[in-house]
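A.B. asks:
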Amino acid sequence: MPALAVGVALLDLGIQGTHISNQSLIQPLRPDARSRLNTAYMTSYFLAGALCSALSTAAYLTGGWLAVCVLGAVFPTAGFALFAGEHLMQHRRTPAAETRGDGDPTKVRRQSGPDA
781 MPALAVGVAL
791 LDLGIQGTHI
801 SNQSLIQPLR
811 PDARSRLNTA
821 YMTSYFLAGA
831 LCSALSTAAY
841 LTGGWLAVCV
851 LGAVFPTAGF
861 ALFAGEHLMQ
871 HRRTPAAETR
881 GDGDPTKVRR
891 QSGPDA
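As structure tokens, then:
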């Protein structure tokens with residue numbers, strides 16, 4: 781029983797850290813609309829949790845714990861795939877000709893000539 785209590789406490793600590801991290805990313809987007817942003821964030825978080833609970837129940841009824849575990853692995857895998865795809869797209873948008881050759885897009889070469 782003590783291990784369960786420690787597990788629950790660690791899970792709660794992780795969720796709270798996630799909320800703080802996510803909110804610190806969205807709050808600067810519109811400082812004048814912090815309340816609305818927080819409402820949208822918490823509503824989305826709740827709806828996603830409700831959807832995943834329903835999907836987990838359906839997975840358990842059809843395939844047992846193995847199906848629930850597979851479903852639980854699908855979401856972070858999909859999230860990582862979206863992150864990696866976005867990262868690759870941002871990297872491809874930066875033309876190599878605009879960099880100094882070392883691949884760092886922050887070090888853009890200055891043009892010389894009449895159009896500069």
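For the sequence shown, counting from 1, position 34 maps to 814 in the numbering used here; every step adds exactly one.
Even for Gly, the Cβ is constructed at its ideal location relative to N, Cα and C.
1) Roughly how many whole angstroms lie between the Cα atoms of Arg872 and Phe855?
2) Taking one C-beta from the segment 822 to 836 and one from the segment 845 to 855 each time, how about it: are there three or more such pairs within less than 8 Å?
3) Suppose you measure from the CA of Gln796 to the CA of Phe826; what does that come to, to the nearest Å?
4) Could you name the residues of the same chain whose beta carbon sits closer than 7 Å to that of Leu809, not counting the 5 residues immediately before and after it, in chain order?
5) Please check the pair Leu851 and Ala839, which I expect to be a contact at CB under 8 Å, by giving their CB distance rounded to whole angstroms.
6) So, helix, strand or coil for Arg810, using DSSP?
7) Within the same chain, show all residues whose beta-carbon is closer than 8 Å to that of Ala877, passing over the 5 residues directly before and after it, in chain order.
C.D. replies: On the basis of the supplied data:
1) 26 Å
2) Segments in contact, yes.
3) 14 Å
4) Leu817
5) 5 Å
6) coil
7) No answer about Ala877 holds up, because its pLDDT of 49 lies below 50 and its placement is not dependable.
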